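Visitor: First the structure, which I've put down as structure tokens, then a few questions once you've had a look.
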Ligand code: NAD
């Protein structure tokens, strides 16, 4: 089996990565950073997001596994003391593959070619200088509302427990092919009005965010932030591609939600 392993870069994650490499060599697994079948991230959810973006061009061939060296992660759910068990399972057990939906974003500009991005958690749209974002939100090519505020967040189901949750969005089970639009501090008064509630769109619905005011936008795709000039529209839809996770034991989504957000506060 060909594998790639990515570390968060801190001493604990690096040490665990080296330990795992030695163990995987004993199993005659081959390290192949170009064409791996399994990609293992060692660190936290941020490390898994980095691994996803590194191998997002090979989603059909790759299964991801996350090991966490900090607190329990949503994507990184194997503990450091379990890595021997994980490697034995990788070699001996039938690999169950769980697929999660992704977000496709196409950014269109006044001139030049559109650019396409994939996000595992979410994309956000803001201005790059903290000024109010004024943008028309079209759903299925029909104007839904003119948004004024800090920005908009468009998340995947598995990203619904991340930034989207902090914005008051719903938690969505990743077996649903959907995307969610949440407002980031919208301006609502007698003059300006937005719907104020998160919107959940199915796979066959596309939305366009069309900036009304000029000026550069700041766009994020998961942990990656960049400025974009002369944007005419940002098109979002559920991607055709999916991310695949290798599973060797059940760890249901709602149990992960419970363990991450409820259990520790009740138990301590
Ligand atoms: P980071 O180091 O700031 O970590 C953000 C936190 O989000 C970490 O605790 C991580 O475990 C958690 N997280 C990431 N994905 C998650 C998911 N799908 N479900 C539940 N928790 C999740 O940044 P990072 O590690 O580079 O991660 C980038 C992510 O941070 C972005 O995709 C965004 O979702 C999140 N973020 C959250 C907020 C917020 O909650 N106010 C603000 C900005 C970004």
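Numbering (my numbering), first residue to last: 1 to 268.
Ideal Cβ placement from N, Cα and C applies to all residues, glycine included.
These figures come from a predicted structure and were not determined experimentally.
(1) Determine, for residue 235, whether the minimum Cβ-Cβ distance to residues of chain B falls below 8 Å.
(2) Hey, how far is the Cα of residue 126 from the Cα of residue 259?
(3) I'd like the list of long-range same chain contacts for residue 116, defined as Cβ closer than 6 Å, with 5 residues on each side in sequence excluded.
(4) Ligand 1 and residue 128: does the residue's C-beta get closer than 7 Å to at least one heavy atom of that ligand?
(5) Excluding the 5 residues flanking residue 49 on each side, which residues of the same chain have their C-beta closer than 7 Å to its C-beta?
(6) Who are the Cβ neighbours of residue 248 in its own chain at under 6 Å, not counting the five residues just before and after it?
(7) Comparing alpha-carbon positions, which option in 252, 233, 98 lies nearest residue 108?
(8) Could you give the first and the last residue of the continuous alpha helix (DSSP H) run that contains residue 95?
(9) Are residue 152 and residue 183 touching if we call contact CB-CB under 8 Å?
(10) Considering only heavy atoms of ligand 1, does any lie closer than 7 Å to the CB of residue 49?
(11) Below 8 Å on the Cβ atoms is my guess for residue 131 versus residue 220; work out the distance and round it to an integer in Å.
(12) Of the residues 134, 195, 187, 39, which one's Cα is nearest the Cα of residue 181?
(13) Between 2, 8, 136, which lies nearest to residue 41 when the distance is taken from Cα to Cα?
(14) With a threshold of 7 Å (Cβ to nearest heavy atom), would residue 226 be considered close to ligand 1?
Guide: Per the coordinate set shown:
(1) The question asks about chain B, but that chain is absent: this structure has only one protein chain.
(2) Reading the chain shown from its first residue, position 126 is the one you call residue 126. Reading the chain shown from its first residue, position 259 is the one you call residue 259. Our two residues, residue 126 and residue 259, have alpha carbons roughly 32 Å apart in a direct line.
(3) As a first step, residue 116 is located in the chain shown; it is residue number 116 there, counting from the start. Leaving aside the five residues that flank residue 116 on each side, the residues in its chain whose CB is nearer than 6 Å to its CB run, in chain order, 106.
(4) Within the chain shown, residue 128 is the residue found at index 128, counting from 1. Ligand 1 has no heavy atom closer than 7 Å to the beta-carbon of residue 128.
(5) Counted from its first residue, the chain shown places residue 49 at position 49. Answer for residue 49: 120, 121, 222, 223, listed in chain order.
(6) Here residue 248 is taken as the residue at index 248 of the chain shown, counted from 1. Taken in chain order, the residues that qualify are 89, 93.
(7) Your numbering for residue 108 matches position 108 in the chain shown. Checked all of 252, 233, 98; the closest Cα to residue 108 is 233.
(8) Taking the chain shown and counting its residues from 1, the one referred to as residue 95 is at position 95. For residue 95, there is no enclosing alpha helix (DSSP H), as DSSP marks it with neither H nor E.
(9) Start at 1 with the first residue of the chain shown, and residue 152 comes out as number 152. Start at 1 with the first residue of the chain shown, and residue 183 comes out as number 183. Closer than 8 Å, so yes.
(10) Here residue 49 refers to the residue found at position 49 when the chain shown is read from its first residue. Yes, the Cβ of residue 49 comes within 7 Å of a heavy atom of ligand 1.
(11) Taking the first residue of the chain shown as position 1, residue 131 is located at position 131. Taking the first residue of the chain shown as position 1, residue 220 is located at position 220. With 8 Å as the limit, residue 131 and residue 220 do not qualify as a contact, their Cβ atoms being about 17 Å apart.
(12) Along the chain shown, read from residue 1 onward, the residue named residue 181 stands at position 181. When each option's Cα is compared against that of residue 181, the closest is 195.
(13) The count along the chain shown starts at 1 and reaches residue 41 at position 41. If you compare the alpha carbons of 2, 8, 136 with that of residue 41, the shortest gap goes to 8.
(14) Here residue 226 refers to the residue found at position 226 when the chain shown is read from its first residue. No - ligand 1 has no heavy atom lying nearer than 7 Å to the Cβ of residue 226.
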